[in-house]
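Chemist: Have a look at the structure that comes next, please.
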Amino acid sequence: MGKLAQLGLDIAKLWSKYSGSYFSGMKNTLVLALIGTLIGCLIGFVCGVLNTIPYSKSDHPVKRFVLKLIRVIIRVYVEVFRGTPMVLQAVFLFYGLPYFSDNAMRFSSVWAAAIVVVSINTGAYMAESVRGGIISVDPGQTEGAMAIGMTHVQTMTSVILPQALRNIMPQIGNNFIINVKDTSVMFIIGFPDFFAAHRAAVGASYLYFPSATVEMVGYLSMTLIASFLLRWMEKKMDGSSSYELVQTDQLTMTAGTYRHPDDGTPFDERSLEYVESGKEER
Amino acid sequence: MSEKILQINHLSKSFGSNKVLRDIDFSVYQGDVISIIGASGSGKSTLLRCINLLETPSSGEILYHGRNVLKRGTNPAEYRSHVGMVFQSFNLFNNMTVLENCVVGQVRVLGRDRETARQHAMEYLEKVGMAPYIQARPRQISGGQKQRVAIARAMAMDPEVLLFDEPTSALDPEMVGEVLNVMRRLAGSGMTMLVVTHEMAFARDVSKRVVYMSGGVICEQGSPQELFGNPQKKETVDFLSRFRG
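So the protein lines, in turn, are chains G and D. Here this note's numbering is used: the first residue of the first sequence is 93, the next is one more, and so on. Here this note's numbering is used: the first residue of the second sequence is 5, the next is one more, and so on.
So, in structure tokens, the structure goes:
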């Protein structure tokens with residue numbers, strides 16, 4: 093009990109001094125995660141769409157070659173950025189560019205560098221998610237669209253991508269939450285996120301564990317609120333679960349509930365055998 | 005004689021070494037209502053899908069108003085907008101309401117403005133009795149209702165010929181009637197229709213011509229009276245006897 097009270101006191105001490113830097117760190121973390129996820133999704137959609145352009149043997153060889161080349165490039169991109177740690181990607185980009193270009197090229201701000209790294213990283217994960225989302229849409233949807241004369245682009249934009257987006261919403265949420273947490277590695281290039289606020293606070297106060305507790309609670313609150321908002325958005329996308337009837341439907345024949353208007357007319361669809369066998373019962 | 009819309013010459017289709025269609029010759033005239041019957045696996049659906057270029061035929065030609073649509077350089081999307089199709093599994097767009105389903109093709113493919121498209125769609129939705137449901141989403145309506153919307157969606161594109169791929173096979177028995185009724189009325193209004201079906205009563209009473217397919221070839225064809233009343237080939241007799249029971 094005494095220890096907990098001590099922890100409370102330490103946190104209060106930290107909070108009175110560093111609450112401003114904790115809050116601005118949280119804000120920066122959320123903004124970076126949000127922008128990174130959005131741009132990452134955009135990259136993912138472009139890759140996923142390019143990856144699923146259909147081609148057949150009867151297509152022009154140049155078209156086939158270009159499409160195959162695009163798939164290879166995307167594959168390499170996905171494997172490289174999914175297969176290396178984000179912290180190293182940040183270092184590579186932030187310090188590698190000036191190293192190779194003799195300081196001619198460098199990121200003017202850590203914000204730009206951090207956004208680029210998080211976006212590219214998220215894009216690599218999203219590329220595969222979007223491909224999966226597109227593949228998982230019932231092929232009948234594509235056939236339905238083609239049958240009314242839609243081109244591949246029209247089919248994609250009107251029918252497939254909206255459904256794919258709904259399908260991969262949980263994945264997008266996943267990526268956003270991962271980004272909220274994983275942007276903590278951006279302290280390596282001096283990005284002032286929530287975790288950087290912790291490093292600054294403990295550097296001055298030596299209250300390691302109390303500050304870590306603040307971080308834990310802070311990260312968890314951010315991710316919980318994010319999950320809640322994502323669920324709500326998914327519900328919103330599904331649309332209303334009910335609909336309004338404009339008037340009654342004349343054609344539905346619910347078996348046995350009422351006489352169908354076509355009963356007895358030449359439009360009566362029931363087979364004669366059935367009608368005859370049912371005659372005695374009426 | 006009315007105008008010839010489609011002429012199919014020596015059409016064949018194989019999936020790998022499996023020959024599903026062999027050397028099909030077949031014509032469709034303006035106002036024709038043709039039922040294609042036959043056992044499962046006889047190539048009926050494949051023939052229909054080839055006509056709409058959802059499958060690429062292995063050889064042969066499909067002449068649409070005398071122009072071969074299988075030649076390189078023809079635009080399959082443009083051709084398909086004249087040849088409507090109704091599927092066994094409805095294939096309504098799940099991300100749209102009933103009304104949007106019938107509007108989107110007119111707007112994006114035919115370039116109609118939204119209001120004209122909406123009015124046109126409503127006309128057909130009323131004809132199929134689905135006007136009350138325009139705000140519903142496909143997952144909220146029954147199979148028979150979905151299929152009626154699918155018919156309205158196809159008709160709203162003003163196709164020259166409408167293909168039906170077993171439109172009632174995925175439906176509960178009590179919903180078959182509502183869809184067949186709509187198709188009957190459509191046939192009565194002079195629409196050119198090609199119907200793959202297992203509904204023998206529909207084939208007998210509504211169609212002008214019945215085609216019996218077996219083993220990837222057209223085994224026998226003729227008027228319903230000829231084919232049902234006096235079938236010439238042994239396969240046709242056997243097939244029909246299974247339905248008379």
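All C-beta atoms in this analysis are idealised placements derived from N, C-alpha and C, irrespective of residue type, glycine included.
Please look up how many angstroms separate the CB atoms of F91/D and E235/G, rounded, as I've assumed it's under 8 Å.
Modeler: Locating residue 91/D in the second sequence gives position 87, counting from the first residue. Locating residue 235/G in the first sequence gives position 143, counting from the first residue. That pair is a contact at about 7 Å.
Chemist: Please report the straight-line C-alpha distance between S21/D and S62/D, rounded to a whole angstrom.
Modeler: As a position in the second sequence, residue 21/D is number 17, starting the count at 1. As a position in the second sequence, residue 62/D is number 58, starting the count at 1. About 12 Å.
Chemist: Could you compute how far the alpha carbon of V154/G sits from the alpha carbon of F19/D?
Modeler: Within the first sequence, residue 154/G is the residue found at index 62, counting from 1. Within the second sequence, residue 19/D is the residue found at index 15, counting from 1. So the two alpha carbons sit approximately 26 Å from each other.
Chemist: Answer yes or no: does any C-beta atom of chain D fall closer than 7 Å to that of S111/G?
Modeler: Looking up residue 111/G in the first sequence gives position 19. Not one chain D Cβ lies under 7 Å of S111/G.
Chemist: With 16 other CB atoms within 10 Å as the buried threshold, where does D151/G fall?
Modeler: Here residue 151/G corresponds to residue number 59 of the first sequence, with the count starting at 1. Exposed, by the Cβ-count rule.
Chemist: Locate the alpha helix (DSSP H) running through Q11/D, then write down its first and last residues.
Modeler: Taking the first residue of the second sequence as position 1, residue 11/D is located at position 7. Where Q11/D is concerned, there is no enclosing alpha helix (DSSP H), although the beta strand (DSSP E) it sits in stretches over K8 to F19.
Chemist: Reducing DSSP to helix, strand and coil, say where G100/G ends up.
Modeler: Sequence index remark: in the first sequence, residue 100/G carries index 8 (1-based). Residue state, collapsed to three classes: helix.
Chemist: Does S49/D come out as helix, strand or coil in the three-state DSSP assignment?
Modeler: Position 45 of the second sequence, counted from the start, is the residue given in the question as residue 49/D. In this structure, S49/D counts as helix in the three-state DSSP scheme.
Chemist: Buried or exposed, going by whether 16 or more other CB atoms sit within 10 Å of the CB of M278/G?
Modeler: In the first sequence, residue 278/G corresponds to position 186, counting from 1. Burial call: buried.
Chemist: How about G282/G and V202/G: do their beta carbons lie closer than 7 Å?
Modeler: As a working note, residue 282/G is residue 190 in the first sequence. As a working note, residue 202/G is residue 110 in the first sequence. Contact: yes.
Chemist: Would DSSP call V132/D helix, strand or coil?
Modeler: Walking along the second sequence from the start, residue 132/D turns up at place 128. Of the three classes helix, strand and coil, the one that applies to V132/D here is coil, per DSSP.
Chemist: By DSSP, does V199/D sit in helix, in strand, or in coil?
Modeler: Position 195 of the second sequence, counted from the start, is the residue given in the question as residue 199/D. Residue state, collapsed to three classes: strand.
Chemist: With a threshold of 8 Å on Cβ separation, who are the neighbours of N72/D within its own chain once the five nearest residues in sequence on each side are excluded?
Modeler: Taking the second sequence and counting its residues from 1, the one referred to as residue 72/D is at position 68. Excluding positions up to five away in sequence, the list reads E65, I66 and T78.
Chemist: So, with DSSP's three-state summary, where would you put M218/G?
Modeler: For this step, residue 218/G is matched to residue 126 along the first sequence. Residue state, collapsed to three classes: helix.
Chemist: Pull up the distance between the alpha-carbon of L126/G and that of E104/D, whole angstroms please.
Modeler: Looking up residue 126/G in the first sequence gives position 34. Looking up residue 104/D in the second sequence gives position 100. L126/G and E104/D: Cα-Cα distance of roughly 32 Å.
Chemist: Any C-beta of chain D within less than 8 Å: which residues of the segment 250-279 of chain G qualify?
Modeler: Listed by position along the chain: S250, V251, P254, Q255 and R258.
Chemist: If T243/G and A156/D are in contact, beta carbons under 8 Å, what's the gap, nearest whole angstrom?
Modeler: Here residue 243/G refers to the residue found at position 151 when the first sequence is read from its first residue. Here residue 156/D refers to the residue found at position 152 when the second sequence is read from its first residue. Not really, about 22 Å apart at Cβ, beyond 8 Å.
Chemist: Shorter than 7 Å from the beta carbon of I145/G to some beta carbon of chain D?
Modeler: For this step, residue 145/G is matched to residue 53 along the first sequence. Cβ-Cβ to chain D under 7 Å: no for I145/G.
Chemist: Quick one: what does DSSP say M100/D is sitting in, helix, strand or coil?
Modeler: On the second sequence, position 96 is the one that residue 100/D refers to. Here M100/D sits in coil by DSSP.
Chemist: Between which two residues does the alpha helix (DSSP H) carrying L312/G extend?
Modeler: As a position in the first sequence, residue 312/G is number 220, starting the count at 1. That run of the alpha helix (DSSP H) goes Y300 to D330.
Chemist: Tell me where the beta strand (DSSP E) around K23/D begins and ends.
Modeler: In the second sequence, the residue the question calls residue 23/D occupies position 19. K23/D -> beta strand (DSSP E) spans N22 to Y33.
Chemist: Can you pull the chain D residues whose beta carbon is under 9 Å from the beta carbon of Q405/G, in chain order?
Modeler: Look at the range of chain G in this structure, 93 to 374, and you will see that residue 405/G is not part of it.
Chemist: Taking only beta-carbon atoms, is M248/G less than 7 Å away from chain D?
Modeler: Locating residue 248/G in the first sequence gives position 156, counting from the first residue. Not closer than 7 Å to any Cβ of chain D, the Cβ of M248/G fails to qualify, so no.
Chemist: Based on DSSP bridge pairs, tell me the residues matched to L185/G.
Modeler: Sequence index remark: in the first sequence, residue 185/G carries index 93 (1-based). None, per the DSSP bridge assignment.
Chemist: Kindly list, in the order they appear in chain G, the residues whose Cβ is closer than 9 Å to that of F91/D.
Modeler: The residue you call residue 91/D lines up with position 87 of the second sequence. Chain G residues near F91/D: G232, E235, G236 and A239.
Chemist: Can you tell me whether DSSP reads G282/G as helix, strand or coil?
Modeler: Taking the first residue of the first sequence as 1, we reach residue 282/G at position 190. Coil at G282/G, not helix or strand.
Chemist: Can you tell me whether M248/G is helix, strand or coil according to DSSP?
Modeler: As a position in the first sequence, residue 248/G is number 156, starting the count at 1. M248/G: helix per DSSP, three-state reduction.
Chemist: Would the segment 258-273 of chain G count as touching the segment 120-138 of chain G if we require 3 or more Cβ pairs under 8 Å?
Modeler: Segments in contact, yes.
Chemist: Please list, in chain order, all residues of the same chain as V209/G whose beta carbon is under 7 Å from its beta carbon, the five residues on each side excluded.
Modeler: The residue given as residue 209/G occupies position 117 in the first sequence. Correct list, in chain order: M178, Q181, A182 and L185.
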